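Just so you know, we're using this note's numbering here: the sequence shown kicks off at 491 and counts up by one.
Virtual Cβ for every residue (Gly too), placed ideally from N, Cα, C.
Note that the structure is a prediction, hence the values are computed from the model and not measured.
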Amino acid sequence: MESLKLKNLKYSYGDYKILNDISYNFFPGELVGILGANGCGKSTLLKVIMGFLEKEEGEIYLDNLEVEKLSRKEFAKKISFIAQKSNQNLNFTVLEILKLGRVPHIKNSFKGLDLEDDKIIDEVIKKLNLQEYLNRDIKSLSGGEFQRILLGRAFIQNSEVILLDEPTSALDINYSLEFLELLKEEIKAKSLIGIIVIHDINLASLFCDKILFIKDGKIPISGEPKDVIKKKWLEKVYNFTPEILNLENNIYILPKRGKK
């Protein structure tokens, strides 16, 4: 796998240009965090990559192939997606949800999953310690447990790219750290491309190899956390002035209260 390339992407909501000439290369083995203020186009960018929204202009390449020319099945083999909110009010067990990750890889629709599929599913179940959940109805899971199951399904899908839209927004700090640790380990172990929309700058600094800021439909700055999490860029992107601490080579943001 080479890279996921975005070239001059544009998308508008009515007259509002939310993505305006977005270009970026995502590389294997890296988790890239997409950050920016509410409504800046972070989630829209993922939806355009996934094809949920039709781009107005631009091109998207994976392994030098235009992704829009891939069949649905081939696309699903290459790119997986974890939404911010997924429908948990379904009559599925955890095991049934996990097995859905292998659907794009089924060779014979009449026979269903084969031994290779079962092996991949079992490996992920063990890796994420999901054994105790397998027969549970997904409606009985907590938000953190359900996100862990969705992460497992993405691993089972065995795609080259994982897109995640604010997957930790409803999780407590313990579940967030656990989720991101598992994600980062998988990306490094299998040289995947990981792209995550995330609001927490501190978590992005801890787990992301690169950070990409979006402002006014463009990318004003991107790079390693140590190079882009700086006052001038946070002021530009978020319109606030933080305190920035550097402890043990990790960057932490301390917001200031406004004047009363």
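Own chain, CB closer than 6 Å to residue i, minus 5 neighbours either side, in chain order
i	result
Gln647	Ser570, Gly591
Asp608	none
Lys567	Pro594
Asp699	Glu520, Leu521
Close beta carbons around residue i, own chain, < 7 Å, minus the five adjacent residues each side
i	result
Leu543	Tyr501, Thr534, Lys537
Ile587	Ile628, Ile639, Arg643
Own chain residues within Cβ distance below 8 Å of residue i, not counting five before or after
i	result
Asn740	Ser695, Leu696
Asn625	Thr583, Val584, Leu585
Backbone CA spacing between residue i and residue j [nearest angstrom]
i	j	result
Ser632	Pro518	32 Å
Leu724	Leu653	24 Å
Lys726	Leu560	38 Å
Lys616	Glu556	35 Å
Gly713	Ile704	13 Å
Lys750	Glu738	Only weak support exists for where Lys750 lies, its pLDDT of 43 falling under 50; the coordinates are left without a value.
Lys507	Leu641	32 Å
Glu671	Ile512	29 Å
Which residues DSSP lists as bridging residue i, in chain order
i	result
Lys721	Answer by DSSP bridge pairing: none, since Lys721 is not bridged.
Lys497	Glu549
Reference residue i, options the options, closest by Cα
i	options	result
Tyr551	Glu613, Glu650, Asn692, Glu586	Glu650
Cys530	Ala573, Pro710, Ala660, Asn498	Pro710
Glu547	Leu499, Ile688, Asp608	Leu499
Phe636	Lys674, Ile610, Arg562, Phe669	Phe669
Asp662	Lys680, Ala679, Arg638, Gly707	Arg638
Asn577	Asn515, Ser630, Leu702, Ile685	Ser630
Arg562	Lys575, Asn581, Gly541	Gly541
Phe691	Gly684, Pro745, Ile677	In the sequence as presented, Phe is not what sits at residue 691; that position holds Ile. Nearest C-alpha to Ile691: Pro745.
Handout entry: 3 or more residues per run - each beta strand (DSSP E) lying fully within the stretch 500-577
Key = Runs found: 506-516, 520-525, 547-552, 569-572.
Exercise for the section: Within the stretch 612-675, note down every full alpha helix (DSSP H) run reaching 4 residues or more, in order along the chain. Expected result: When DSSP assignments are scanned along the stretch 612-675, the uninterrupted stretches of alpha helix (DSSP H) that are 4 or more residues long and fall wholly within it turn out to be 633-647.
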